[in-house]
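First comes the structure, then the notes that go with it.
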Amino acid sequence: MKQLKEYTIPFVGLKQGLHQFEFQIENTFFEHFEYDEFNASAINVALEFNKKTTMLELQFTATGTVNVNCDLTNEPFDLPIKNEIFLVVKFGEEYNDENEELLILPYGEYEINVQQYIYELIVLAIPSKRVHPGVKNGTLQSDILEKLEELSPKEKTIVDEDEETDPRWDKLKNLLNDK
Numbered sequence: 001m002k003q004l005k006e007y008t009i010p011f012v013g014l015k016q017g018l019h020q021f022e023f024q025i026e027n028t029f030f031e032h033f034e035y036d037e038f039n040a041s042a043i044n045v046a047l048e049f050n051k052k053t054t055m056l057e058l059q060f061t062a063t064g065t066v067n068v069n070c071d072l073t074n075e076p077f078d079l080p081i082k083n084e085i086f087l088v089v090k091f092g093e094e095y096n097d098e099n100e101e102l103l104i105l106p107y108g109e110y111e112i113n114v115q116q117y118i119y120e121l122i123v124l125a126i127p128s129k130r131v132h133p134g135v136k137n138g139t140l141q142s143d144i145l146e147k148l149e150e151l152s153p154k155e156k157t158i159v160d161e162d163e164e165t166d167p168r169w170d171k172l173k174n175l176l177n178d179k
């Protein structure tokens, strides 16, 4: 996958201490990952970059909305998202990203690309079942909801025990009880 330049941070020229970066994420970002679950997105990712002598600490915070389709009604709605990821970057002999909270870069590296971490931060903030808020509180008017209500199973009426039944059936029931 091609690395996007705007998400590459050259840390070799930064002074030690805290640095702030902000990224505005829209659907063009997700097209790069071939992820098409969102109709639209407006997400602000704040990156708190703390450079120390032997390591880097990255605190990602994403807030915003994504427009997705409801899993029940297929109606589009804006889903607010908020998520955080903390990442420690250390230096070693070879590149290693097996641990989700620790990234090891080779000693000669001078920059880090954070696009994959931003992507995971946002995608993991989306719940597995997306339900329109109008479905939860009952205010959504939709043809699909009306059809679901029409096709939903109705309550069974309880048969009164005192009702007259056919005597032939009563005799058959007695055969089961006479054992």
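Going by the working numbering, the letters in the sequence shown line up with residues 1 to 179, in that order.
Where is the CB? At the ideal position from N, CA and C, for every residue including glycine.
Exercise for the section: Report the rounded CA-to-CA distance for GLU181 versus VAL12, giving the unit in angstroms. Expected result: This structure cannot settle anything about residue 181, because the visible part of the chain is limited to 1 through 179.
Exercise for the section: Look at PRO133 and PHE77 and say whether their C-beta atoms are less than 9 Å apart. Expected result: yes
Practice task
Please work out which residues of its chain come closer than 8 Å, Cβ to Cβ, to CYS70, disregarding the five sequence neighbours upstream and downstream, and give them in chain order.
Solution key: PRO76, PHE77, ARG130, VAL131, HIS132, VAL135
Problem - Per DSSP, cross-strand counterpart(s) of HIS19 - result: PHE49
Exercise for the section: Identify every run of the beta strand (DSSP E) within the region 18-105, keeping only runs that are complete inside it and at least 3 residues long; order them along the chain. Expected result: 40-51, 55-69, 76-92
Practice task
Mark LEU87 as exposed unless 16 or more other C-beta atoms lie within 10 angstroms of its C-beta, in which case mark it buried.
Solution key: buried
Exercise for the section: Between the Cα of THR54 and those of GLN16, LYS171, LYS82, spot the shortest distance and give me the residue it belongs to. Expected result: GLN16
Handout entry: Three-state secondary structure (DSSP) of ILE122
Key = helix
Exercise for the section: Would you mind stating whether ILE81 and VAL66 have Cβ atoms separated by less than 9 Å? Expected result: yes
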